[in-house]
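In the numbering used here, the protein residues as written are 8 to 450.
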Ligand code: SF4
């Protein structure tokens, strides 16, 4: 009788941004080459991967707690391998290995190709536990490593890795290295493969995705080509840098019906003084001009942003400038944070006396949240009754409802069948909680 193949199982838990979702899918691909299938339950896994984020201290603290909890599975599976990957792994490196019990592998964002081999060598005794893979590799774009997608209705397609900017608050360039852009033919091949697997919504990912350039391809050209792939019904992209919003990119958004009228434009602050200290390379006026250009070119576009309050040196006047910019733009959505100091970033070298107290930054955060919520409630209230095409993602929390997104990215729950997952329904928006909607099928 031929030997019964032993099923190898990997559990991957992802923290942080969409780039990390894409990276987890690549890690699933690297492990699959060694015969690992991804499972939903860590208790049944031979290898557990915790893919981490380093953007804020809070994110790292959560991960450390979670690594502690996952150790419990070692009791039943002594040969379990626990790998910590991603930006926090890259940032902490040897510290993480030495000071966190039970971590077997620490691997940074350019090392996932080797993950499957390393796990196997460790499980079968060829390598001792306690390995680090942290070299940044300017050429690693993961060509040939398949992204194995298991969740959601969106195919996340990474087109660019790393970042050439040096915003002074941000750890990303130090843990992910400089900007690397994929070959457009590889991107288009991945999009076609995703369509063949049943995806109709594609989201292009990059740290400053619209600075994409490969030979004579720029982002606008890539976006148009992706939008024209047969079977692609929706294309989104994140995160663009405001300085790289070209007229051509806006034209593609307007002309290609598959490109969703939605744009995330991180402003971070409305004060020129603070923007300069952050090295964002634009003024508030230039940002507002970009917003005008986008709104003129793509009527009805939904805009979202990121804001940091309490950046070192931010005065009440600077903070007022941020509030004023938010009042002026009226973003559909906003991700609002208070400044969190990250070791290894240039902002740590700003004069100590400039650091804003927790009390002040906490109060500013509450104020900015309250302002944004009010604006969002008004915007969303004003579109009640309108009808949208919604891509159904999953059952909603409320029994009998499903949840999906409109073309502008608004989240809607409405009565429906879980079997509608990954199909489009025409939905009328009937009420709003502020950030999200309820609706009914309109036809
Ligand atoms: S553009 Fe700035 S904030 Fe964005 S990843 Fe690069 S350094 Fe970080």
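For glycine and all other residues, C-beta sits at the position ideal for the given N, C-alpha and C. For clarity, every value in this text was computed on a predicted model and none was experimentally measured.
Requested in this report: Determine the direct distance from the alpha carbon of residue 182 to that of residue 94, and round the result to whole angstroms.
Outcome: Reading the chain shown from its first residue, position 87 is the one you call residue 94. Reading the chain shown from its first residue, position 175 is the one you call residue 182. It is roughly 6 Å from the alpha-carbon of residue 94 to the alpha-carbon of residue 182.
Query raised in the report: Should residue 231 go down as buried or exposed, given a rule of 16 or more other Cβ atoms within 10 Å for buried?
Result: On the chain shown, position 224 is the one that residue 231 refers to. With 16 or more Cβ atoms within 10 Å of its Cβ, residue 231 is classed as buried.
Query raised in the report: For the stretch 31-87, which segments carrying the alpha helix (DSSP H) assignment without a break, of at least 4 residues, lie completely within its bounds, in sequence order?
Result: 64-77
Query raised in the report: Between residue 328 and the rest of its own chain, which residues show a CB-CB distance below 7 Å, the 5 nearest in sequence each way excluded?
Result: Along the chain shown, one-based indexing puts residue 328 at 321. Hits under 7 Å: 277, 278, 291.
Requested in this report: Answer with buried or exposed for residue 106, where buried requires no fewer than 16 other C-beta atoms within 10 angstroms of its C-beta.
Outcome: As a first step, residue 106 must be located in the chain shown, where it is residue number 99. Exposed.
Query raised in the report: Can you tell me whether DSSP reads residue 136 as helix, strand or coil?
Result: Working through the chain shown from its first residue, we reach residue 136 at position 129. Residue state, collapsed to three classes: coil.
Report task. Please confirm whether residue 162 and residue 36 have their CB atoms less than 9 Å apart. Result -> For the purposes of this step, residue 162 is taken as the residue at position 155 of the chain shown. For the purposes of this step, residue 36 is taken as the residue at position 29 of the chain shown. No, the Cβ-Cβ distance between residue 162 and residue 36 is not below 9 Å.
Report task. With a threshold of 8 Å, establish whether the CB of residue 173 neighbours any heavy atom of the ligand SF4. Result -> Locating residue 173 in the chain shown gives position 166, where the first residue counts as 1. Checking every heavy atom of the ligand SF4 against the Cβ of residue 173, one is found closer than 8 Å.
Query raised in the report: The beta strand (DSSP E) with residue 262 in it runs from where to where?
Result: Numbered from its first residue, the chain shown carries residue 262 at position 255. No beta strand (DSSP E) holds residue 262; the alpha helix (DSSP H) holding it covers 254-262.
Query raised in the report: Which residues in the same chain as residue 337 place their Cβ atom closer than 7 Å to its Cβ, once the five residues preceding and following it in sequence are excluded?
Result: Here residue 337 corresponds to residue number 330 of the chain shown, with the count starting at 1. Cβ neighbours of residue 337 beyond the five flanking positions: 382, 386.
Requested in this report: Would you be able to state if there are at least three C-beta pairs under 8 Å between the stretch 345-360 and the stretch 389-397?
Outcome: Contact fails between the stretch 389-397 and the stretch 345-360, because fewer than three Cβ pairs, one in each stretch, are under 8 Å apart.
**Report entry** Stretch pair the stretch 76-84 + the stretch 26-45: three plus CB contacts closer than 8 Å
**Finding:** no
Report task. Assess, as a yes-or-no matter, whether the stretch 259-268 is touched by the stretch 189-198 under the definition of 3 or more beta carbon pairs within less than 8 Å. Result -> no
Report task. Compute every distance between the C-beta of residue 176 and the non-hydrogen atoms of the ligand SF4, then say whether any falls below 8 Å. Result -> Locating residue 176 in the chain shown gives position 169, counting from the first residue. Residue 176: yes, Cβ under 8 Å from the ligand SF4.
Query raised in the report: Buried or exposed: which applies to residue 68, given that a residue is buried once 16 or more other Cβ atoms fall within 10 Å of its Cβ?
Result: Sequence index remark: in the chain shown, residue 68 carries index 61 (1-based). Result: exposed.
Report task. For residue 142, name the three-state secondary structure that DSSP assigns. Result -> On the chain shown, residue 142 is found 135 positions in, with the first residue counted as 1. Residue state, collapsed to three classes: coil.
Report task. Please name the residue in 89, 117, 121 whose C-alpha comes closest to that of residue 108. Result -> Position 101 of the chain shown, counting from 1, holds the residue named residue 108. Closest by alpha carbon: 89.
**Report entry** Beta bridge counterpart(s) of residue 187 as assigned by DSSP
**Finding:** Here residue 187 refers to the residue found at position 180 when the chain shown is read from its first residue. DSSP output for residue 187 lists 168 as bridge partner(s).
Query raised in the report: Name the DSSP beta bridge partners of residue 408, please?
Result: For the purposes of this step, residue 408 is identified with residue 401 of the chain shown, where counting begins at 1. Answer is 422.
Requested in this report: Taking only heavy atoms of the ligand SF4 into account, decide whether any of them is closer than 8 Å to the Cβ of residue 418.
Outcome: Counted from its first residue, the chain shown places residue 418 at position 411. No, the beta carbon of residue 418 sits no closer than 8 Å to any heavy atom of the ligand SF4.
Query raised in the report: Since residue 239 is in the beta strand (DSSP E), which residue starts that stretch and which ends it?
Result: Reading the chain shown from its first residue, position 232 is the one you call residue 239. Counting along the chain, residue 239 falls outside any beta strand (DSSP E), and DSSP gives it neither H nor E.
Query - Check whether residue 209 and residue 164 have beta carbons under 9 Å apart - result: On the chain shown, position 202 is the one that residue 209 refers to. On the chain shown, position 157 is the one that residue 164 refers to. In this structure, residue 164 lies closer than 9 Å to residue 209 by Cβ.
**Report entry** Per-residue DSSP class, three states only, for residue 430
**Finding:** For this step, residue 430 is matched to residue 423 along the chain shown. Looking at residue 430 - three-state DSSP - the assignment turns out to be coil, as it is neither helix nor strand.
**Report entry** Cα-Cα separation between residue 320 and residue 436, rounded to whole angstroms
**Finding:** Taking the first residue of the chain shown as position 1, residue 320 is located at position 313. Taking the first residue of the chain shown as position 1, residue 436 is located at position 429. When rounded, the distance between both Cα atoms is 43 Å.
Requested in this report: Indicate whether residue 5 and residue 420 have their beta-carbon atoms separated by less than 9 Å.
Outcome: Outside the shown range of the chain, which is 8 to 450, sits residue 5, and nothing can be said about it.
Requested in this report: Assuming residue 114 and residue 140 form a contact by the criterion Cβ under 8 Å, report the distance between their Cβ atoms to the nearest whole angstrom.
Outcome: What you label residue 114 is simply residue 107 of the chain shown in a count that begins at 1. What you label residue 140 is simply residue 133 of the chain shown in a count that begins at 1. Residue 114 to residue 140, Cβ: 4 Å. Contact.
Report task. Report the rounded CA-to-CA distance for residue 358 versus residue 173, giving the unit in angstroms. Result -> As a first step, residue 358 must be located in the chain shown, where it is residue number 351. As a first step, residue 173 must be located in the chain shown, where it is residue number 166. A direct Cα-Cα distance of roughly 19 Å separates residue 358 from residue 173.
Requested in this report: Run the CB neighbour count on residue 335, radius 10 Å, all protein chains shown included, and call it buried at 16 or more, exposed below.
Outcome: Position 328 of the chain shown, counting from 1, holds the residue named residue 335. It is exposed - the Cβ of residue 335 has fewer than 16 other Cβ atoms within 10 Å.
Report task. Put residue 381 into one of helix, strand or coil per three-state DSSP. Result -> Taking the first residue of the chain shown as 1, we reach residue 381 at position 374. Helix, per DSSP.
Query raised in the report: Would the beta-carbon of residue 248 be found less than 8 Å away from any heavy atom of the ligand SF4?
Result: Reading the chain shown from its first residue, position 241 is the one you call residue 248. Residue 248 Cβ: within cutoff of the ligand SF4.
**Report entry** The alpha helix (DSSP H) enclosing residue 342, as first and last residue numbers
**Finding:** The count along the chain shown starts at 1 and reaches residue 342 at position 335. Residue 342 -> not in any alpha helix (DSSP H); beta strand (DSSP E) instead, spanning 340-345.
Query raised in the report: Nearest-angstrom Cα distance between residue 129 and residue 110?
Result: Counted from its first residue, the chain shown places residue 129 at position 122. Counted from its first residue, the chain shown places residue 110 at position 103. Whole-angstrom Cα-Cα distance: 12 Å.
Query raised in the report: With a Cβ-Cβ cutoff of 9 Å, do residue 268 and residue 313 count as a contact?
Result: For this step, residue 268 is matched to residue 261 along the chain shown. For this step, residue 313 is matched to residue 306 along the chain shown. At least 9 Å separates the beta-carbon of residue 268 from that of residue 313.
Query raised in the report: Given residue 11, which residues of its chain have a CB within under 6 Å of its CB, disregarding the five upstream and five downstream residues?
Result: Within the chain shown, residue 11 is the residue found at index 4, counting from 1. Annotation note: pLDDT 48 at residue 11 (below 50); position unreliable, coordinate value reported separately. Closer than 6 Å at the Cβ level, and outside the excluded window around residue 11, lies no residue.
Requested in this report: Tell me whether the beta-carbon of residue 422 lies closer than 9 Å to the beta-carbon of residue 448.
Outcome: Stepping through the chain shown from its first residue, residue 422 is reached at position 415. Stepping through the chain shown from its first residue, residue 448 is reached at position 441. By the CB criterion at 9 Å, residue 422 and residue 448 fall inside the cutoff.
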